[in-house]
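Reading the sequence shown from the start, the letters are residues 606 to 1064 in this note's numbering. Just so you know, even glycine gets a beta-carbon here, dropped at the ideal spot from N, CA and C.
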Amino acid sequence: MDRTEGAPRVSVIGTGYLGATHAAAMAELGFEVVGADPDERKVAAFQAGRIPFHEPGLEELAARQLDSGRLRFTSSTAEAAGLADVHFICVGTPQRLTSHAANLDYVEAAVSELARNLTHDALIVGKSTVPVGTAARLRELVAALAPEGIRAELIWNPEFLREGRAVADTLHPDRIVLGGASSWASALMHELYAAPIAEGAPVVECDLETAELVKVSANAFLATKISFINAIAEVCQAAGADVGVLADAIGHDARIGRQFLNAGLGFGGGCLPKDIRALMHRAGELGATQAVGLMQQVDEINMGQRQKVVELAHEACGGSVLNRRVAVLGAAFKPDTDDVRDSPALNVAAALHLRGAQVTVMDPAAGETGRRTFPTLGFADDLATAVEHADVVLVLTEWPEFAGADPVALGALVRARHVVDARGCLDSAAWRAAGWTVRGLGLAPAPGLREVRVLAPLA
Ligand code: UDX
606 MDRTEGAPRV SVIGTGYLGA THAAAMAELG FEVVGADPDE RKVAAFQAGR IPFHEPGLEE
666 LAARQLDSGR LRFTSSTAEA AGLADVHFIC VGTPQRLTSH AANLDYVEAA VSELARNLTH
726 DALIVGKSTV PVGTAARLRE LVAALAPEGI RAELIWNPEF LREGRAVADT LHPDRIVLGG
786 ASSWASALMH ELYAAPIAEG APVVECDLET AELVKVSANA FLATKISFIN AIAEVCQAAG
846 ADVGVLADAI GHDARIGRQF LNAGLGFGGG CLPKDIRALM HRAGELGATQ AVGLMQQVDE
906 INMGQRQKVV ELAHEACGGS VLNRRVAVLG AAFKPDTDDV RDSPALNVAA ALHLRGAQVT
966 VMDPAAGETG RRTFPTLGFA DDLATAVEHA DVVLVLTEWP EFAGADPVAL GALVRARHVV
1026 DARGCLDSAA WRAAGWTVRG LGLAPAPGLR EVRVLAPLA
């Protein structure tokens, strides 16, 4: 696809998971794209076709688009401002160190620098996740900083991509939200997203505030679903019921749905935890106290899951982990990524290390990022080395390689056959048959049938 002739040119400011994927995807959709990031080493890596993080399919997509000549990278926002007509703001909004609020310094800096350097009319499209009210303030910044005579409009178009599936989520979004767009901006966005719209992606046009809140609420709802099932898992455990079977059964109700009902170690990553806290903070500022209380509870349940797994590890080791060998399978906050931001797995590993355990972590993709974040933990490159002489094995990220591991072969390597399945991903019957004790969150002592289908009515 090549739309470069007369088509709007695109810049993407910020090249993390969101920006890098968005830049490559817009080039794939046929537009000329420049990705801008102040980090020169990152820019050089991208320009050479190297993606500095693990995101399935992105390297191939970027390589194809670099070859096509439609995609390139720069460390100069001024250059991007001069080249493009539509500018996507994709910089991070991490949690502030001293409060639950989102740190908006990067967004404000990116928008200010862009506005100051505009050379012709431009549409600025915010994609970063921001507290409600931010975009309206950014509009004032743009109006104050854009050179005279230049028309610069700012709209909000939140992004819903998941790490590990970023490429498909960006090329085939399940909805497109446009906040605060004039008819000019709306027409431009329809041109840019013509391909996904033609595929059937619904477009929701609304005001700036609603668009900002759509994103935050989507993540808050997903987080609530996970904490809900984890609260029910506690009831299951106490009552001797099986939360996995229960989730399957309630998930058949189309109003509920099965996704995000996997009980276990809970949510982490660069989005869900900080987004619910930013919502708590902003809702508090606005005096919307019910949302504050709800999110507080969701956060508490989620963090409590980590403590429960630490306790299960103690129990498996007979009450103390001091000088015990603990194999931790998983460092990433979920499979298919090397992202360890707010990783529940590494939190648990670090807590056990603090209590005197000898912890060895293994992750198929996040060994390097994990080591950088927690250099005091031990890391192994393969499963066999990780579990050697272990007193307990903890499965903390549900990589297929862990879920499919052979309990008989692993059983021959460990010192004691105790496993904690904190993601409910093991075939516990097979592990028990191989002589392991299996502990989990919300696991029935003797797992029931997962599903019984009535194929034909009884005579
Ligand atoms: C999330 C949103 O899904 C995405 O739409 C948004 O744009 C960014 O934030 P992501 O952070 O990539 O995406 O991860 P996600 O797949 O949502 O998983 C978040 C966490 O929830 C992971 O730690 C995962 O292990 C956990 N999780 C997910 C559960 O504990 N149980 C589940 O049933 C599902």
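Beta-carbon proximity of residue i to residue j, cut-off 9 angstroms
{"i": "Ala-954", "j": "Val-926", "result": "no"}
{"i": "Gly-1040", "j": "Gly-1016", "result": "yes"}
{"i": "Val-716", "j": "Pro-613", "result": "no"}
{"i": "Val-891", "j": "Val-737", "result": "Rather than Val, the amino acid found at residue 891 in this sequence is Leu. Going by C-beta atoms, Leu-891 is nearer than 9 angstroms to Val-737."}
{"i": "Arg-977", "j": "Gly-874", "result": "no"}
{"i": "Ala-567", "j": "Gly-785", "result": "Examination of residue 567 is not possible in this model, given that the chain is present from 606 through 1064 alone."}
{"i": "Leu-988", "j": "Val-1025", "result": "no"}
{"i": "Pro-949", "j": "Pro-1005", "result": "no"}
{"i": "Asp-968", "j": "Gly-975", "result": "yes"}
{"i": "Ala-641", "j": "Ser-680", "result": "yes"}
{"i": "Val-639", "j": "Ala-628", "result": "yes"}
{"i": "Cys-876", "j": "Thr-682", "result": "no"}
{"i": "Glu-660", "j": "Val-772", "result": "yes"}
{"i": "Arg-863", "j": "Ala-846", "result": "no"}
{"i": "Ala-816", "j": "Pro-763", "result": "yes"}
{"i": "Val-782", "j": "Trp-761", "result": "yes"}
Residue range of the unbroken alpha helix (DSSP H) whose run includes residue i
{"i": "Thr-1042", "result": "No alpha helix (DSSP H) holds Thr-1042; the beta strand (DSSP E) holding it covers 1042 to 1045."}
{"i": "Val-716", "result": "710 to 721"}
{"i": "Ser-1033", "result": "1033 to 1038"}
{"i": "Gln-912", "result": "894 to 921"}
{"i": "Leu-957", "result": "949 to 959"}
{"i": "Ala-686", "result": "682 to 688"}
{"i": "Val-964", "result": "First-last for Val-964: 963 to 967, but that is the beta strand (DSSP E), not the alpha helix (DSSP H)."}
{"i": "Leu-877", "result": "877 to 891"}
{"i": "Arg-701", "result": "Run containing Arg-701: none; DSSP gives neither H nor E here."}
beta-carbon residue i near ligand 1 non-hydrogen atom, thresh 8 angstroms
{"i": "Glu-664", "result": "no"}
{"i": "Leu-866", "result": "yes"}
{"i": "Cys-876", "result": "yes"}
{"i": "Asn-824", "result": "yes"}
{"i": "Ile-831", "result": "yes"}
{"i": "Ile-834", "result": "yes"}
{"i": "Arg-882", "result": "no"}
{"i": "Gly-871", "result": "yes"}
{"i": "Leu-1046", "result": "no"}
{"i": "Pro-1107", "result": "Nothing about residue 1107 can be read from this structure; the chain reaches only from 606 to 1064."}
{"i": "Glu-660", "result": "no"}
{"i": "Gly-923", "result": "no"}
{"i": "Lys-913", "result": "no"}
{"i": "Leu-671", "result": "no"}
{"i": "Glu-768", "result": "yes"}
{"i": "Glu-764", "result": "yes"}
{"i": "Leu-827", "result": "yes"}
{"i": "Thr-698", "result": "no"}
{"i": "Lys-647", "result": "no"}
{"i": "Thr-942", "result": "yes"}
{"i": "Phe-938", "result": "yes"}
Cutoff 6 angstroms; reference residue i; Cβ partners in own chain excluding five residues on either side
{"i": "Gly-654", "result": "Ala-668, Leu-671"}
{"i": "Gly-624", "result": "Val-617, Cys-695"}
{"i": "Gly-935", "result": "Ala-950, Asp-968, Leu-1001, Thr-1002"}
{"i": "Gln-910", "result": "Asn-835, Leu-870, Gly-871"}
{"i": "Asn-722", "result": "Ala-683, Ala-686"}
{"i": "His-886", "result": "His-705, Ala-706"}
Same chain, Cβ closer than 8 angstroms to residue i, five either side skipped, listed in chain order
{"i": "Asn-907", "result": "Ala-828, Ile-831, Ser-832, Asn-835, Gly-871, Phe-872, Pro-878"}
{"i": "His-795", "result": "Ile-802, Val-808"}
{"i": "Ala-650", "result": "Ile-656, Pro-657"}
{"i": "Phe-636", "result": "Arg-608, Thr-609, Ala-612, Pro-613, Arg-614, Val-615, Arg-675, Leu-797"}
{"i": "Val-1057", "result": "Caution applies to Val-1057, whose pLDDT of 44 falls short of 50 and renders its modelled position unreliable; the model cannot decide the point."}
Segment limits, beta strand (DSSP E) that includes residue i
{"i": "Thr-829", "result": "Unbroken run through Thr-829 is the alpha helix (DSSP H), 813 to 844; no beta strand (DSSP E)."}
{"i": "Val-997", "result": "997 to 1000"}
{"i": "Thr-679", "result": "676 to 679"}
{"i": "Leu-663", "result": "Segment 663 to 673 is the alpha helix (DSSP H) holding Leu-663; no beta strand (DSSP E) there."}
{"i": "Gly-731", "result": "727 to 731"}
{"i": "Arg-930", "result": "930 to 934"}
{"i": "Ile-694", "result": "691 to 694"}
Contacting residues, own chain, Cβ-Cβ under 7 angstroms from residue i (five flanking each side not counted)
{"i": "Val-915", "result": "Val-953, Ala-956, Leu-957"}
{"i": "Pro-699", "result": "Asn-708, Lys-879"}
{"i": "Ala-995", "result": "Arg-930, Val-931, Ala-932, Val-1019, Arg-1020"}
{"i": "Gly-611", "result": "none"}
{"i": "Ala-689", "result": "Arg-614, Val-615, Ser-616, Val-639"}
{"i": "His-919", "result": "Ser-925, Val-926"}
{"i": "Gly-889", "result": "Val-897"}
Beta strand (DSSP E) runs contained entirely in the segment 611 to 658, provided each spans 3 or more residues: The segment 611 to 658 contains, as complete beta strand (DSSP E) runs of 3+ residues, the segments 615 to 618, 638 to 641 (chain order).
Beta strand (DSSP E) runs contained entirely in the segment 736 to 789, provided each spans 3 or more residues: 757 to 761, 781 to 784
Any beta strand (DSSP E) of 3 or more consecutive residues that is wholly inside the segment 982 to 1024: 997 to 1000
Tell me the start and end of each unbroken alpha helix (DSSP H) in the segment 842 to 875 that is at least 4 residues and wholly inside, in chain order. Fully enclosed alpha helix (DSSP H) runs of 4 or longer: 848 to 856.
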